[in-house]
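J.:
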Amino acid sequence: MGGVSLFGLRHGTIFGEVAPYVAKEKAPGFTPLPQPTALGWLSSAPFLLLISPNGVWVAISLLIYSAFPYDLSPTSTAAAAPLSLAFFAERGPGWLAVTFAYAGFWHVALYLLRLSKRPFIPGRPYNLMKTLHNVFWSFWGVLLWVAFENVFCYLWATGRLRYAPDRDSFGGTAGGALRFAAALVGVPLWRAFHFYFSHRFLHFNALYKYVHSLHHRNTDIEPFAGLAMHPVEHLYYYACVLPSLLFLCSPFAFLWNGVHLLLSPAASHSGWEDHFGGGFFHYAHHRYFDVNYAGADVAFIDAYFGSFAPSFSKEDKEGGVTLREDPKSTLAGPPAADFVAYLAVAAAALWVWARAALALAAGGAPPPAGQALLIAALAGFGPVAAAELGAVLAGAEMGRPAPKGWGAGTYALHIVLGNLCCSVPVAWACWLALQPAAT
Ligand SMILES: [Zn+2]
Ligand SMILES: [Zn+2]
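In our numbering, the protein residues as written are 385 to 823.
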């Protein structure tokens, strides 16, 4: 894969240098990406904090965690309720500042200061409406992350979910140190797989129609496009915190996962080839829709499932890649009726849970076991079921023919892992919040 670059910096610089495989005499996006292999990925995985942007993001996580640690004491805001305005007031402004400062840095540097020289669309006009649209949906995405934080801090603070305390991770016990190291490297590795299977799941017909199409309103991406998602997509995107439910993890591992989820999309959605974290791989996904579903680090998954696109396709001629209009990525005009209807139904499914969880936190009796399970399942699987139902009612093409080259087994694998990555973690966390407090 060419030379090794510290933290993913290219020749030590942030802007103006291409990845080692790129032939500079070719137009941006026309040098084929090297064929990705699982072995290549495996051999670099142990060093990923040193040779990829992950090293920068983990440093940001440690800074945030030490400056704004979670308060999990019995008298904390988090212990009082799984969702509260007080918790949002405590942590929301910080997350909004970090996320928008990071994406804003890329946006300003590339689109206003033009510190890079190789855009995928030469001479593209600045699109303020699209930027505002992306900022708007990213804003809600950050708030939904704060909701995840609120729920998990509540589960920890009330003894509903066990966690490894900081004194283990940072205090020098051998087990704690090992757990800390596993979180540092494990979060980006796990996130890559979670991203592929949850993202691929969102490309199946009904979920694409009602949910993921919002993210794809950008065919020519810019940094704020990274988090510009439908709230239901945010819900399943953040379901990447599943390891914090499965294993005895430290709150830091959870926060590091969140920082990765919030920050990493900015540079990969830049629309430019020559800077830290930038490149062609995900740009192609937004231009062609049905290729490069994974993150660039695990492109071998796309190669394996037959959806790897190494460069611009033949229809896009070198020197003549044209801008595609993004007419739907605007805030001008009212949203479509079916968009509003679906959003309302998905929100209602979660509202049922929120009401029950808040009533319990306020001192009410826990719901009966069967009812708790049903409410949690509705929160986790409801938005998927509502999309399916909506598509049926709208008479949309509901048969989901397996993509070219996929057998029934491959298709089933994606459905099962898609649900495990999206619906199950949400339902699980919601179910825990409906259990009697352990303390
Ligand atoms: Zn997509
Ligand atoms: Zn994207």
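Even for Gly, the Cβ is constructed at its ideal location relative to N, Cα and C.
Give the C-beta separation of residue 771 and residue 726 to the nearest angstrom, bearing in mind that I take them to be a contact with Cβ-Cβ under 8 Å.
T.: Reading the sequence shown from its first residue, position 387 is the one you call residue 771. Reading the sequence shown from its first residue, position 342 is the one you call residue 726. Sure, about 7 Å apart at Cβ, within 8 Å.
J.: Exposed or buried, residue 540, counting other C-beta atoms within 10 Å across all chains shown (16 or more means buried)?
T.: Indexing the sequence shown from 1 puts residue 540 at position 156. Buried.
J.: When every heavy atom of ligand 2 is checked, does at least one fall within less than 7 Å of the C-beta of residue 599?
T.: Counted from its first residue, the sequence shown places residue 599 at position 215. Yes.
J.: Among 637, 600, 790, whose alpha-carbon lies nearest the alpha-carbon of residue 686?
T.: Against the sequence shown, residue 686 aligns to sequence position 302. Measuring from the Cα of residue 686, the nearest candidate turns out to be 790.
J.: Between the C-alpha atoms of residue 385 and residue 696, what's the straight-line distance to the nearest angstrom?
T.: Here residue 385 corresponds to residue number 1 of the sequence shown, with the count starting at 1. Here residue 696 corresponds to residue number 312 of the sequence shown, with the count starting at 1. The predicted model places residue 385 with a pLDDT of 40, which falls under 50 and marks its position as unreliable; any figure quoted below should be read in that light. Approximately 20 Å between the Cα atoms of the pair.
J.: Considering only heavy atoms of ligand 2, does any lie closer than 7 Å to the CB of residue 852?
T.: Given that the chain is displayed from residue 385 to residue 823, the structure contains no residue 852 and the question cannot be resolved.
J.: Can you tell me which residues form a DSSP beta bridge with residue 368?
T.: In the structure as shown, the chain starts at 385 and stops at 823, and residue 368 therefore has no counterpart that could be examined.
J.: Can you tell me which of the three DSSP states residue 472 falls into?
T.: Taking the first residue of the sequence shown as 1, we reach residue 472 at position 88. Residue 472 falls in the helix class under three-state DSSP.
J.: Where do the N-terminal and C-terminal ends of the alpha helix (DSSP H) with residue 568 fall, by residue?
T.: Here the question's residue 568 lines up with position 184 in the sequence shown. Where residue 568 is concerned, the enclosing alpha helix (DSSP H) stretches over 558-586.
J.: Any contact between the stretch 660-669 and the stretch 553-570? By contact I mean 3 or more CB pairs, one from each, below 8 Å.
T.: no
J.: Which value, in whole angstroms, describes the spacing of the CA atoms of residue 594 and residue 742?
T.: The count along the sequence shown starts at 1 and reaches residue 594 at position 210. The count along the sequence shown starts at 1 and reaches residue 742 at position 358. So the alpha carbons of these two residues sit roughly 28 Å apart.
J.: Would you report the Cα separation of residue 633 and residue 571, rounded to the nearest angstrom?
T.: On the sequence shown, position 249 is the one that residue 633 refers to. On the sequence shown, position 187 is the one that residue 571 refers to. So the alpha carbons of these two residues sit roughly 11 Å apart.
J.: Within this structure, are the beta carbons of residue 518 and residue 606 separated by less than 8 Å?
T.: Reading the sequence shown from its first residue, position 134 is the one you call residue 518. Reading the sequence shown from its first residue, position 222 is the one you call residue 606. Taking a C-beta distance under 8 Å as the contact criterion, residue 518 and residue 606 qualify as a contact pair.
J.: Could you give the residue range of the alpha helix (DSSP H) that holds residue 410?
T.: Mapped onto the sequence shown, residue 410 falls at position 26. Per DSSP, residue 410 belongs to no alpha helix (DSSP H) and is neither H nor E.
J.: Helix, strand or coil for residue 603? Go by DSSP, reduced to three states.
T.: In the sequence shown, residue 603 corresponds to position 219, counting from 1. Here residue 603 sits in coil by DSSP.
J.: Less than 8 Å between the beta carbons of residue 474 and residue 642, yes or no?
T.: Reading the sequence shown from its first residue, position 90 is the one you call residue 474. Reading the sequence shown from its first residue, position 258 is the one you call residue 642. Going by C-beta atoms, residue 474 is not nearer than 8 Å to residue 642.
J.: Assuming residue 450 is part of the alpha helix (DSSP H), what are its boundary residues?
T.: Against the sequence shown, residue 450 aligns to sequence position 66. Per DSSP, residue 450 belongs to the alpha helix (DSSP H) from 438-451.
J.: Apart from the five residues on each side of it in sequence, which residues of its chain come closer than 6 Å, Cβ to Cβ, to residue 578?
T.: Counting from one through the sequence shown, the residue named residue 578 turns up at place 194. Excluding five sequence positions before and after residue 578, the CB atoms of its chain that fall closer than 6 Å to its own CB belong to 624, 805, given in chain order.
J.: Please state whether DSSP places residue 399 in a helix, a strand or coil.
T.: If you number the sequence shown from 1, residue 399 lands on position 15. Residue state, collapsed to three classes: strand.
J.: Start and end of the alpha helix (DSSP H) containing residue 457?
T.: Mapped onto the sequence shown, residue 457 falls at position 73. Taken as a continuous stretch (DSSP letters only), residue 457 belongs to no alpha helix (DSSP H), as it is neither H nor E.
J.: Compare the C-alpha of residue 631 against each of 422, 545, 477, 494 and name the closest.
T.: The sequence position of residue 631 within the sequence shown is 247, counting from 1. When only C-alpha atoms are compared, the closest one is 545.
J.: Check whether the Cβ of residue 596 sits closer than 7 Å to any heavy atom of ligand 4, and report yes or no.
T.: Ligand 4 is not among the ligands present in this structure, which contains only ligand 1 and ligand 2.
J.: Measuring only the C-alpha atoms, how far is residue 639 from residue 449?
T.: The residue given as residue 639 occupies position 255 in the sequence shown. The residue given as residue 449 occupies position 65 in the sequence shown. The straight-line gap from Cα to Cα measures roughly 7 Å.
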